[in-house]
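Protein chains: 2
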Amino acid sequence: MRWDELEEEPCSMARTIGVIGDRWTLLILRECFLRTRRFEGFQSALGITRHLLAERLKKLVRLGVLRRIPYQDSPKRHEYILTQKGLDLYPIMMAIVHWGDTHMVDERGRPLLHQHRKCGKNFDPVMVCSECGETLSAKEVHTHPGPGARVASAKGPASATKTKARRRAA
Amino acid sequence: MRWDELEEEPCSMARTIGVIGDRWTLLILRECFLRTRRFEGFQSALGITRHLLAERLKKLVRLGVLRRIPYQDSPKRHEYILTQKGLDLYPIMMAIVHWGDTHMVDERGRPLLHQHRKCGKNFDPVMVCSECGETLSAKEVHTHPGPGARVASAKGPASATKTKARRRAA
DNA sequence: TCTTATGGTTCTAAAATCGAACTGTAAAAT
DNA sequence: ATTTTACAGTTCGATTTTAGAACCATAAGA
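First to last, the protein sequences are chains A and B.
First residue of the first sequence: 7, per my numbering; consecutive thereafter.
First residue of the second sequence: 7, per my numbering; consecutive thereafter.
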């Protein structure tokens with residue numbers, strides 16, 4: 007399975023990984039949620055090479071996660087801000103941070119606390135069932151094929167009917 | 007910032023990315039949650055090269071995400087199963103799947119549905135505040151430094167006091 | 001005029017990944 | 001008895017990605 011095939015996989019996880027599944031992209035998105043908007047800002051905060059940063063930003067714009075907005079002319083300058091599609095990545099980011107808070111902190115404790123404006127308290131993100139509101143864990147969930155599932159073909163990677171050349175973005 | 011520096015960053019997200027922040031690792035973990043346990047199973051489901059698979063499994067075991075359990079002698083064979091630390095990745099996986107379900111499905115719909123055993127219904131995962139139970143979104147959250155935050159040094163990547171050579175696992 | 005700020009692009013070297021073959025044990029098939 | 005299959009890797013050369021640094025371009029400021 008190559009990278010440009012990921013988005014064609016009949017699996018929402020594989021497709022999402024095709025968008026955010028590399029280290030720099032996730033760190034760039036972290037910066038976005040921390041209100042970084044400009045090339046220099048990303049570059050100095052992350053230490054990413056300018057080359058890769060330019061490429062990743064382009065990709066995120068192409069996929070509709072970021073929007074490229076001019077904020078001055080001559081020289082043309084742009085800011086990168088999250089679209090709604092990008093903002094919707096927030097639960098993923100928070101889940102990642104929370105796992106790190108739980109399993110990867112050192113003796114000093116958490117680097118960052120999160121305060122819920124509505125209730126005023128520092129919180130952890132909790133995943134619940136949209137239907138009954140109860141906390142979810144892996145063992146309480148049963149998965150079964152949905153309408154977009156691939157037809158059960160012989161095993162092996164990807165689908166049998168080679169769906170090449172049908173590239174679409176977002 | 008190199009990969010082996012990620013786990014030393016004062017950021018739970020960076021540290022977590024050091025563990026799961028590459029494409030193959032995330033796909034391997036997807037298979038784990040789908041009950042795959044053996045080398046051949048991962049390999050044929052994913053099409054990953056055996057070389058990389060062996061390396062990634064080793065890494066996940068070293069980091070305490072998977073446990074390597076013998077299931078027969080001569081020849082020695084092992085299964086890879088999620089530890090509690092690994093099971094705790096579930097909210098991340100579900101958040102990733104849910105984003106894909108929302109933004110990356112084609113006209114046919116979702117490849118996979120999730121049913122909550124307790125209430126019996128197909129559900130979406132929802133992220134709520136652990137303190138008040140309300141649904142969370144990025145704009146309602148304020149972040150501030152916690153005890154493990156790095157002391158504000160001059161800007162630039164990572165900390166000023168080069169913390170090299172202080173490698174620890176998990 | 002020289003320096004700085006910003007947002008890139010280009011280039012070479014190093015690292016990661018791919019793809020395929022190979023190793024080794026033991027059960028099953030011929 | 002010999003060959004084939006299943007499984008779990010390891011090894012190795014070729015390809016692709018990433019790192020690191022320099023370079024280009026525009027305009028403001030010293």
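For each residue, glycine too, the CB sits at the ideal point set by N, CA and C.
All values reported here derive from a predicted model rather than from experimental measurement.
DSSP three-state call for residue i: helix, strand or coil?
i, result
"GLU37/B", "helix"
"MET6/A", "Shown here, chain A extends from 7 to 176; a query on residue 6/A therefore has no answer."
"ALA166/B", "Its pLDDT being 31, under 50, ALA166/B is placed unreliably in this model, and the value from its coordinates should be taken loosely. Residue state, collapsed to three classes: coil."
"ARG29/B", "helix"
"ARG21/B", "helix"
"ARG74/A", "strand"
"ARG83/A", "strand"
"PRO151/B", "strand"
"THR108/A", "helix"
"LEU142/A", "coil"
"LEU69/B", "coil"
"LEU95/A", "coil"
Here's the rule I'm using: 16 or more other beta-carbon atoms within 10 Å means buried, otherwise exposed. How should residue i be labelled?
i, result
"ARG83/A", "exposed"
"CYS135/B", "buried"
"LYS5/A", "This structure gives no information on residue 5/A, because the portion of chain A shown stretches from 7 to 176."
"CYS17/B", "buried"
"ARG56/A", "exposed"
"ILE75/B", "exposed"
"ARG114/A", "exposed"
"HIS109/A", "buried"
"VAL157/A", "exposed"
"PRO131/B", "buried"
"PHE116/B", "The amino acid at residue 116/B is misidentified as Phe; the sequence shows Arg. By the neighbour-count rule (16 or more Cβ atoms within 10 Å), ARG116/B is buried."
"ASP107/A", "buried"
"ARG21/B", "buried"
"SER165/A", "For SER165/A, the pLDDT reaches just 34, beneath the cut-off of 50, and the residue's location in the model is therefore unreliable, although a value from the coordinates is still provided. Exposed."
"THR141/A", "exposed"
"PRO97/B", "buried"
"TYR77/A", "exposed"
"GLU13/A", "buried"
"GLU15/B", "buried"
Does residue i have its Cβ less than 8 Å from a Cβ in chain B?
i, result
"GLU46/A", "no"
"PRO81/A", "no"
"VAL134/A", "yes"
"ALA20/A", "yes"
"ALA175/A", "Any answer about ALA175/A is weak, because its pLDDT of 28 lies below 50 and its placement is not dependable; what the coordinates show is given next. No, ALA175/A lies away from the interface with chain B (no Cβ there is under 8 Å from its Cβ)."
"GLU61/A", "no"
"THR108/A", "yes"
"THR149/A", "yes"
"VAL103/A", "yes"
For chain A, find out if any of its Cβ atoms is closer than 8 Å to the Cβ of residue i; answer yes or no.
i, result
"GLN78/B", "no"
"ARG68/B", "no"
"LYS65/B", "no"
"HIS84/B", "no"
"MET7/B", "yes"
"LEU33/B", "yes"
"THR89/B", "no"
"LEU58/B", "no"
"ARG74/B", "no"
"ARG43/B", "no"
"GLU137/B", "yes"
"GLU177/B", "Chain B is shown from 7 up to 176; residue 177/B falls before or after that span and cannot be answered."
"ASP130/B", "yes"
"ASP10/B", "no"
Is residue i a contact residue of the ligand NAP, with contact defined as CB to any heavy atom under 7 Å?
i, result
"MET110/B", "No copy of the ligand NAP occurs in the structure displayed, which carries no ligand at all."
Touching by the beta-carbon criterion (3+ pairs, under 8 Å), the segment 37 to 54 of chain B and the segment 23 to 43 of chain A | no
Do the segment 119 to 134 of chain A and the segment 96 to 107 of chain A touch if we need at least three Cβ pairs shorter than 8 Å?
-> yes
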